[in-house]
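So this note's numbering is basically just the index in the sequence shown, starting at one, shifted up by 1.
Note sheet for the following structure.
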Amino acid sequence: MTHAAKVQTHFGQGNLPADLLKALAYLNPEEIRLVERAYAFGAEAHAGQLRLSGERFISHPVAVAGISAELGLDAATIVACLLHDVLEDTAVTKQEIKRGFGGEVAEIVDGVSKITHLKAESHQVVQAESFQKMLLAMARDLRVILVKLADRLHNMRTLQYQSADNRRRIARETLQIYAPIAQRLGMDNVRRELEDIGFANLYPFRQKILADMVERKVGQRIKIMNKACETIAARLKLADIPHEIASRRKNAYSVYRKMHRKRLHFSEVLDILAIRIIVDNVDDCYRTLGLIHSLYKPRPGYFKDYIALPKANGYQSLHTVLFGPQGVSLEVQMRTREMNEVSEYGIAAHVAYKTDAGLQWNMDNVQAKEWVEGLAALRRQTGDSVDFLENLKGGGLVADEVYVFTPEGNIITLPRGATALDFAFAVHTDLGLRCQKVIVNQRLAELNHKLQSGQTVQVLAAKEVCPHPGWLNFAVTAKARLAIRNQLKHLHKNAATELGKRLLNESLKALDTRLDDVEPKRMNALLKVLGLDHDTDLFAEIGLGNQMPALMARRLLGEKNRLWRRSSRKSKSLPIKGTEGLAITYAKCCCPIPGDQIVGVMNPGKGLVVHRDRCNNMRQSVRHKNMQILLEWSSDRPPEQEFPAAIRVRVQHKRGMLAVIAGQIAKTQTNIENISFTEPAGAVATMTLVISVTDDKHLKKVMSDIRIVSKSIQVERVK
Ligand code: MN
Numbered sequence: 002m003t004h005a006a007k008v009q010t011h012f013g014q015g016n017l018p019a020d021l022l023k024a025l026a027y028l029n030p031e032e033i034r035l036v037e038r039a040y041a042f043g044a045e046a047h048a049g050q051l052r053l054s055g056e057r058f059i060s061h062p063v064a065v066a067g068i069s070a071e072l073g074l075d076a077a078t079i080v081a082c083l084l085h086d087v088l089e090d091t092a093v094t095k096q097e098i099k100r101g102f103g104g105e106v107a108e109i110v111d112g113v114s115k116i117t118h119l120k121a122e123s124h125q126v127v128q129a130e131s132f133q134k135m136l137l138a139m140a141r142d143l144r145v146i147l148v149k150l151a152d153r154l155h156n157m158r159t160l161q162y163q164s165a166d167n168r169r170r171i172a173r174e175t176l177q178i179y180a181p182i183a184q185r186l187g188m189d190n191v192r193r194e195l196e197d198i199g200f201a202n203l204y205p206f207r208q209k210i211l212a213d214m215v216e217r218k219v220g221q222r223i224k225i226m227n228k229a230c231e232t233i234a235a236r237l238k239l240a241d242i243p244h245e246i247a248s249r250r251k252n253a254y255s256v257y258r259k260m261h262r263k264r265l266h267f268s269e270v271l272d273i274l275a276i277r278i279i280v281d282n283v284d285d286c287y288r289t290l291g292l293i294h295s296l297y298k299p300r301p302g303y304f305k306d307y308i309a310l311p312k313a314n315g316y317q318s319l320h321t322v323l324f325g326p327q328g329v330s331l332e333v334q335m336r337t338r339e340m341n342e343v344s345e346y347g348i349a350a351h352v353a354y355k356t357d358a359g360l361q362w363n364m365d366n367v368q369a370k371e372w373v374e375g376l377a378a379l380r381r382q383t384g385d386s387v388d389f390l391e392n393l394k395g396g397g398l399v400a401d402e403v404y405v406f407t408p409e410g411n412i413i414t415l416p417r418g419a420t421a422l423d424f425a426f427a428v429h430t431d432l433g434l435r436c437q438k439v440i441v442n443q444r445l446a447e448l449n450h451k452l453q454s455g456q457t458v459q460v461l462a463a464k465e466v467c468p469h470p471g472w473l474n475f476a477v478t479a480k481a482r483l484a485i486r487n488q489l490k491h492l493h494k495n496a497a498t499e500l501g502k503r504l505l506n507e508s509l510k511a512l513d514t515r516l517d518d519v520e521p522k523r524m525n526a527l528l529k530v531l532g533l534d535h536d537t538d539l540f541a542e543i544g545l546g547n548q549m550p551a552l553m554a555r556r557l558l559g560e561k562n563r564l565w566r567r568s569s570r571k572s573k574s575l576p577i578k579g580t581e582g583l584a585i586t587y588a589k590c591c592c593p594i595p596g597d598q599i600v601g602v603m604n605p606g607k608g609l610v611v612h613r614d615r616c617n618n619m620r621q622s623v624r625h626k627n628m629q630i631l632l633e634w635s636s637d638r639p640p641e642q643e644f645p646a647a648i649r650v651r652v653q654h655k656r657g658m659l660a661v662i663a664g665q666i667a668k669t670q671t672n673i674e675n676i677s678f679t680e681p682a683g684a685v686a687t688m689t690l691v692i693s694v695t696d697d698k699h700l701k702k703v704m705s706d707i708r709i710v711s712k713s714i715q716v717e718r719v720k
């Protein structure tokens, strides 16, 4: 009988290590069987892999599961701990985890892997706090963070097997990212251990000196402390307040951080050693406080009521500093048992709770909800916008923000739903205005690509790019929208000025004169009447459709009025190139393309709108002949310029017909911009397609190619 088989007879098929099995005593037999299965699965997946310590790799996931078991986490989390490295380090897929252990576990493992992966990609992250938030935002399920913390804790416990460089790097990252996350979640025990190991590895000398100083100070004080504890205990007993009393010391890193942050000398850190009193209820906390203040004088300004006003991470307690025996400062903390649980296990104390049916993981847990809501309320009071916990709602982390990297490793914070274009504007307005292409995680993406936390975004800019009105459809940040609007307004005005000048000149030509020949005094007189400063303002007004070019030409010429009446028939068409920019729009009702007879309508504020001359819409809307401008397609249009054209196709309804027609269009190198499909009435199906064409010849070619598909097919241009 092999060793494995022997153990199997004791512990079932999973061969679960005895220590872990013992720590999981709070799970029910069915859950234990699931954990055993996960262990067997993980052990097989990692078979042959070793840790740097020389142990079998599976010892690591087992240790991580053990840490989570100490926190009393649910079966799904324990299973996820056992499998947390299989996606990253073995051939196992998310699908296989889902099949074997359910979607919940698969999602947690996947979340942990994403964070692990992220860390590997971005060594040079500068903004630790944003990085913390990014991790939290990426973890839709808080259990992902709990598994990751347990993973990190075990890696810290086995840090001695890493190279000196790695030790320092991992220690720094732990102090900057993971210990603060543990603190945010109120998991004090985890935080302390991460800090102790991290501090000793990152700054061995400072750690040693401070630890010695703390030790010495504790040595000097411990007698006084014990004496004070006895006095207090006796007084509480007399008042009939049941309690536990103990002393607690700050860890060296907390002292270091406090000195650093508040620029204090070591001797000014008063709470290195504290007395902690745990009582049954909140009333007793305040009664205890009163009794203690009658025993020893409080130091003014040091009393803190974190029961009425909890800290951002949910911590509650009463803190006071006393003038103790021999004038020594004594910090005393008073709290209930529940508050103590929260201070040590943090969110884990809330989200997992024991019932008869086993352990429940539940963010619906009333207590957890209250905790979270309390934090949100607190956040509003204090205006502390950095607190991610506002986002803790409805069973997981639902962040309102996404955090993405620049190629240099800087983190940009954007609102949820923000696109690559928003990112470009967030980096710099000029980058946004010139944004041509974006690369998201090394792949080319559209400007409207919705960003997700953890992605790396690179923007490629080009001088010739200018904002398109369509950008406003997917730019969501105020900064981007404002910059785009301003730039469009500017471009529109420029284009309108140019068009207006051309229109005025054409109207003057019809009167046998040119703009250059207009007398300056006549121009100035007209500007004055219109309340304009400069001739370019007049051109812009014409281009925007606010003034009619023919009328303006007549007024510029004054007494030559009659001449105008006579020669107006000579009025020529204005050539259109299709490159005029924002001053000219093409009517959506008739979709004019080169080759069509066209006519322009001046729309006040909008400028020149180009219609086909047979467009009914246009005929109805134009009341005044003066608003119409004769147009023609310019012969020196850029050949690649494309225009949308709408066609309607009627065909015997058959499955896959749409694909056949779309394929046929694609063969002619023509883009389809839009397809709408009417449910077949009887046997005939109708679809309307908007395609991009260069001119009417191109359109005719496409239409005749579509006709090849079937004899019964009807194709016509939408009028
Ligand atoms: Mn791991």
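Each residue gets a CB set at the ideal place from its N, CA and C atoms; glycine is no exception.
Since the model is a prediction, treat every value here as computed from it, not as a measurement.
Distance, residue j Cα to residue i Cα
i: G359; j: L21; result: Any reading at G359 is ruled out, since the residue's pLDDT is 40, under 50, leaving its predicted position unreliable.
i: V403; j: K95; result: 24 angstroms
i: I79; j: E105; result: 12 angstroms
i: E633; j: N487; result: 31 angstroms
i: I233; j: T414; result: 50 angstroms
i: L492; j: I666; result: 35 angstroms
i: T478; j: Q443; result: 24 angstroms
i: I293; j: M226; result: 14 angstroms
i: Y316; j: T337; result: 11 angstroms
i: V428; j: A462; result: 12 angstroms
i: G608; j: L583; result: 9 angstroms
i: I676; j: D111; result: 38 angstroms
i: I714; j: D513; result: 53 angstroms
i: Y254; j: E194; result: 10 angstroms
i: T407; j: K438; result: 15 angstroms
i: P243; j: E339; result: 15 angstroms
i: V280; j: R236; result: 14 angstroms
i: A481; j: I673; result: 29 angstroms
i: T467; j: A541; result: Per the sequence shown, the amino acid found at residue 467 is Cys instead of Thr. Each residue's Cα considered, the two are about 20 angstroms apart.
i: H47; j: C82; result: 14 angstroms
i: N618; j: V600; result: 12 angstroms
i: K702; j: I709; result: 11 angstroms
i: R435; j: D536; result: 30 angstroms
i: D517; j: I577; result: 22 angstroms
i: A1; j: G187; result: With the chain represented from 2 up to 720, any question about residue 1 goes unanswered, as that position is not in the structure.
i: I278; j: D306; result: 15 angstroms
i: R144; j: G67; result: 15 angstroms
i: L432; j: I440; result: 14 angstroms
Cβ-heavy atom distance, residue i to the ligand MN, below 6 angstroms
i: D152; result: yes
i: D86; result: yes
Residue i - partner residues in DSSP beta bridges
i: F644; result: V694
i: P416; result: E402
i: R277; result: A247, Q334
i: Q598; result: Answer is none; Q598 lacks a bridge partner.
i: S677; result: T689
i: L632; result: L575
i: I109; result: Answer is none; I109 lacks a bridge partner.
i: R444; result: V441
i: V716; result: V650
i: A462; result: C436
Residue i beta carbon near the ligand NAD (any heavy atom closer than 6 angstroms)
i: A484; result: For the structure depicted, the ligand NAD is absent and the ligand set comprises only the ligand MN.
Mind pulling the alpha helix (DSSP H) runs of 4 or more residues that sit fully within the segment 176-239? Fully enclosed alpha helix (DSSP H) runs of 4 or longer: 180-185, 189-203, 205-239.
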